[in-house]
Amino acid sequence: MTDSWTLGGRTFKSRLIVGTGKYRSIEETREAIDTSGAEMVTVALRRISFDKNEPTVLDAIDRSRIALLPNTAGCYTADEAVRTCRLARELGMADFVKLEVIGDKKTLFPDNEETLVAARRLVAEGFTVLPYVTDDPVACRKLEEIGCAAVMPLAAPIGSGLGIRNPHNIRIIVETVKVPVIVDAGVGTASDAAVAMELGCTAVLMNTGIAGAREPVLMAEAMRQAVEAGRKAFRAGRMPRRAYANASSPTEGLIE
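Put into structure tokens, the structure is as follows:
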């Protein structure tokens, strides 16, 4: 059975979105992306060199089959984020944007208030906005009401690898909004990705979880398989949790 999902009028089969930072080489970046099976890749626009004589992460992305998702990493105000998204549009990177407005340099937690301001302006300008936000169901609902195409609550601080710190909030967000819920930031290993999908999230976005592994390409494969397994488990519906044992075999008619 097909199990695709739609974002901004485009249909995707893969539910794993990957980043392009922190790899040791362009070739490793390309191989990890290919192995992950990702159909959407995010790029930190403000960290790309546009010197035509130098290779960049853009060279690792086959844009004939992979959607580019420029992000506003490094922006601390709504004005900065909006300007960065406009630059992406001018560079021909389409209108999909991952909106990040950071509120704290130590934790890199998003500034929800500035994010709402920027999202409102970008939606009005016709962008397909995917905002990075705290795991706050109220903020996610407001972003949906503004017109964002998805919400991207963090699992844990960016690059921490701590996994999903508050699965209860993620589950509430899934139940609260109708747009796709994409867990972003903090995924450290395959089991974290599986948990996100088992909670009912639409997709998972990660960068350091793959790029920071000892063998990034092998981890990319593990993450792809984990996302697929977690999604299948969610669709299958897990067994009820019980406080006490429940025998797997019938207890009636035992031979004595």
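Each residue of the sequence shown is one higher than the one before, starting from 736 at the first, in this note's numbering.
Built from N, CA and C at the ideal position, the CB exists for glycine as well.
- For the 8 Å CB-CB criterion, Arg750 and Val962 form a contact.
- Between the stretch 859-869 and the stretch 879-887 there are three or more C-beta pairs closer than 8 Å, enough to call the two in contact.
- Taking the Cβ atoms as the reference, Asp870 lies roughly 13 Å from Leu897, outside the contact range of under 8 Å.
- Here the alpha carbons of Met932 and Ala971 stand approximately 12 Å from one another.
- DSSP assignment within the stretch 873-934 yields the following whole beta strand (DSSP E) runs of 3 residues or more, N-terminal first: 917-919.
- For secondary structure counted as the alpha helix (DSSP H) over 4 or more consecutive residues, the stretch 756-783 holds these complete runs in sequence order: 761-771.
- Per DSSP, the beta bridge partners of Val832 are Val864.
- Using a Cβ distance threshold of 8 Å, Val832 and Leu803 do not count as a contacting pair.
- Contact annotation: the stretch 843-852 touches the stretch 808-825, with at least three C-beta pairs closer than 8 Å.
- With fewer than 16 neighbouring CB atoms inside 10 Å of its own CB, Met974 falls in the exposed class.
- The C-beta separation of Val753 from Ser771 comes to about 5 Å, placing the pair in contact by the 8 Å criterion.
- Distance between Ile837 and Glu860, taken at the CA atoms: about 22 Å.
- Taking Met941 as the centre and dropping the five residues before and after it, the same chain places the C-beta of Val922 closer than 6 Å to its C-beta, in chain order.
- Met954 has its alpha-carbon roughly 31 Å from the corresponding atom of Lys913.
- For Ile837, the pairing in a beta bridge is given by DSSP as Pro845.
- In the three-state scheme derived from DSSP, where H, G and I count as helix and E and B as strand, Pro805 is classed as strand.
- A distance below 7 Å between beta-carbons, with the five flanking residues on each side excluded, links Glu950 to no residue of its chain.
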